[in-house]
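Protein sequence lines correspond, in order, to chains H and V.
If you count by my numbering, then the first sequence holds residues 103 to 211, one letter each, in order.
If you count by my numbering, then the second sequence holds residues 17 to 131, one letter each, in order.
Quick reminder that beta carbons are idealized off the backbone N, C-alpha and C, glycines included.
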Amino acid sequence: DVKVTQSSRYLVKRTGEKVFLECVQDMDHENMFWYRQDPGLGLRLIYFSYDVKMKEKGDIPEGYSVSREKKERFSLILESASTNQTSMYLCASSGREQFFGPGTRLTVL
Amino acid sequence: AQKITQTQPGMFVQEKEAVTLDCTYDTSDPSYGLFWYKQPSSGEMIFLIYQGSYDQQNATEGRYSLNFQKARKSANLVISASQLGDSAMYFCAMIGSYNTDKLIFGTGTRLQVFP
Chain H
103 DVKVTQSSRY LVKRTGEKVF LECVQDMDHE NMFWYRQDPG LGLRLIYFSY
153 DVKMKEKGDI PEGYSVSREK KERFSLILES ASTNQTSMYL CASSGREQFF
203 GPGTRLTVL
Chain V
17 AQKITQTQPG MFVQEKEAVT LDCTYDTSDP SYGLFWYKQP SSGEMIFLIY
67 QGSYDQQNAT EGRYSLNFQK ARKSANLVIS ASQLGDSAMY FCAMIGSYNT
117 DKLIFGTGTR LQVFP
C-alpha cells in the first residue's frame, strides 16, 4: 500500500513562529504536492516538486517555501506564521493518481 | 485556465438509494483526466475513481460510477446503494496534459446519508 505520512495531525503555533510541516512517501514517486484546504474553497495547491531539489509554485505560494532534499521527503515551511495560515494542510505524492497524507490541521494564534 | 465546478455544497440521501454528485469542468487541454476523491471526517483524501478524456466507456469502481459527458464537460459521480459510511465530503478534480500532474480541485460536496 502506498503510504504518505505527515509529521503532525494537529499543530498550534503563534504568530511569527517558523513552522515546518514534513511529508514522507514510500512509493518512490517523483511528484509531491502541498495543498491547503479551507471551507468553501476546496484544495488549493501551494507548491509542488517533480524531483529532488526541484520545486514549482502552485496557485497560492505567498508566505510559504518548500524543501525537497530527498526523493521521499517534501517539507513545507512557513517562515513567519500568520493567522490567515490557519488551515488544513495536505501533502500528496503521485503516480497517475495522487495519494494523500492524513493532513495537518494548523492553528496560528 | 482549467476549472472544476461543484455546484452542490451539500446533498442528502437515504440509505440504499442512489445519489449523483455533480461536477463540471473547463479546460482547453486536448487530453485530461478526471478524479473523484472522498474525504471522511478523519480528514484523509481517499481516491475513488478516474476517467480519462479518451476513455470510451464510463469508469466504474464497485458502487461508484462516473457519468462522463464530454460534450457537456461534465463528470458526475453516481453512488449506488448508499451506505451510512458514504457520509463525507466529495471532491472532483482534474489533471491536464500540460500540467505536470497538478490537480485542480472543486470546492466539494458534503454528502449525508441518513437511515
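Under a three-way DSSP split, which group does residue i fall into?
i, result
"Asn74 of chain V", "coil"
"Gly197 of chain H", "coil"
"Asp102 of chain V", "helix"
"Gln187 of chain H", "helix"
"Leu211 of chain H", "coil"
"Gly205 of chain H", "coil"
"Asp42 of chain V", "strand"
"Ser109 of chain H", "coil"
With C-beta atoms as the reference, is residue i less than 7 Å away from residue j?
i, j, result
"Ile179 of chain H", "Phe122 of chain H", "yes"
"Ala104 of chain V", "Lys32 of chain V", "no"
"Ser151 of chain H", "Lys159 of chain H", "no"
"Leu82 of chain V", "Gln67 of chain V", "yes"
"Gln200 of chain H", "Ala194 of chain H", "yes"
"Leu64 of chain V", "Tyr48 of chain V", "no"
"Leu127 of chain V", "Met27 of chain V", "yes"
"Lys105 of chain H", "Asp128 of chain H", "yes"
"Thr123 of chain V", "Gly118 of chain H", "no"
"Pro204 of chain H", "Glu77 of chain V", "no"
"Lys19 of chain V", "Asp45 of chain V", "no"
"Gln24 of chain V", "Phe130 of chain V", "no"
Applying the 10 Å Cβ sphere with the 16-neighbour rule, what's the burial state of residue i?
i, result
"Glu171 of chain H", "exposed"
"Ala91 of chain V", "buried"
"Gly112 of chain V", "buried"
"Ser196 of chain H", "buried"
"Ser177 of chain H", "buried"
"Thr185 of chain H", "exposed"
So what does residue i bridge to, in DSSP terms?
i, result
"Tyr48 of chain V", "V:Gly112"
"Leu145 of chain H", "H:Gln139"
"Gln22 of chain V", "DSSP output for Gln22 of chain V lists no bridge partner at all."
"Thr36 of chain V", "V:Val94"
"Glu158 of chain H", "H:Phe150"
"Gly68 of chain V", "V:Gly49"
- Given a limit of 8 Å on CB to CB distance, which residues of the region 162-186 of chain H reach chain V? For the region 162-186 of chain H, there are no residues whose beta carbon sits under 8 Å from a beta carbon of chain V.
- Message: Beta carbons nearer than 8 Å to chain V: which residues of the region 190-211 of chain H have them?
- Response: The residues in question are Met190, Leu192, Ala194, Ser196, Arg198, Glu199, Gln200, Phe201, Phe202, Gly203, Pro204, Gly205, Arg207.
- Message: To be precise: take each residue of the region 33-55 of chain V, compare its Cβ to all Cβ atoms of chain H, and keep it if any distance is under 9 Å. Which residues remain?
- Response: Residues passing the 9 Å Cβ filter: Gly49, Phe51, Tyr53, Gln55.
- the region 142-161 of chain H: positions lying closer than 8 Å to chain V by Cβ: Listed by position along the chain: Gly142, Leu143, Gly144, Leu145, Arg146, Leu147, Phe150, Tyr152, Glu158, Gly160.
- Item | Interfacial residues, the region 53-74 of chain V to chain H, with Cβ spacing under 9 Å | Those residues of the region 53-74 of chain V that come within reach of chain H (Cβ to Cβ, closer than 9 Å) are Tyr53, Gln55, Ser58, Gly59, Glu60, Met61, Ile62, Phe63, Tyr66.
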